[in-house]
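A.B. asks:
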Amino acid sequence: LRPGRFDRVIEIPMPTSAAREAILKIHTRGMSLDADVDLKHIADLAEGSSGAELKALSTEAGMYAIREERTIVYESDFEGAAVKILHKERNRVSEPEGLIQQYI
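The sequence shown begins at 334 in our numbering and counts up by one.
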């Protein structure tokens, strides 16, 4: 970091299971969730996820329902979205790291 830009580095840890559940509740507030949707279970599936990843997960679950022409989001929509969104996020490698891995 250049001097004068930031005087302090503040580390913000990833959300706990309870925090992930609360974040999911916020991002699903406007969705019609089926009675079988267990946000605690989904929060546990998303262990290690950031708030931004949880928002993307919620949005993608809603898109799954829209693609099926449904107004209600099922737990299976969240599970499919978790595979798509979280798997992609976990496998993202920075460019220098990717170049190093090519030569190992």
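Every residue gets a Cβ at the ideal spot worked out from N, C-alpha and C, and that includes glycine. All of these numbers come straight from a predicted model, not from anything done at the bench.
Put Ser382 into one of helix, strand or coil per three-state DSSP.
C.D. replies: Coil, per DSSP.
A.B. asks: Take the Cβ of Asp340 as the centre, count every other Cβ of all protein chains shown within 10 Å, and call the residue buried at 16 or more, exposed below.
C.D. replies: Asp340 comes out exposed.
A.B. asks: For Gln434, does the three-state DSSP call read helix, strand or coil?
C.D. replies: Reliability fails at Gln434, whose pLDDT of 49 lies under 50, so the model's placement of it is uncertain and the value that follows must be treated cautiously. In the structure shown, Gln434 sits in a helix (DSSP, three-state: H, G or I).
A.B. asks: Give the secondary structure of Ile343 by DSSP, where H, G and I count as helix, E and B as strand, and everything else as coil.
C.D. replies: Three-state DSSP puts Ile343 in coil, outside helix and strand.
A.B. asks: Ends of the alpha helix (DSSP H) at Gly413?
C.D. replies: Start and end: Glu408 to Ala414.
A.B. asks: Provide the residue span of the alpha helix (DSSP H) that contains Ile418, from first to last.
C.D. replies: Segment: none, Ile418 is in no alpha helix (DSSP H) and carries neither H nor E.
A.B. asks: Taking the alpha-carbon positions, what's the Pro348 to Glu402 distance?
C.D. replies: If I take the Cα positions, the gap works out to 33 Å.
A.B. asks: My understanding is that Tyr397 touches Val370, with C-beta atoms under 8 Å, so please give their C-beta distance in whole angstroms.
C.D. replies: 12 Å between Cβ atoms; not a contact.
A.B. asks: Leaving out the 5 sequence neighbours to the left and right, which residues in its chain are closer than 6 Å to His360 when beta-carbon positions are compared?
C.D. replies: Taken in chain order, the residues that qualify are Lys388 and Ser391.
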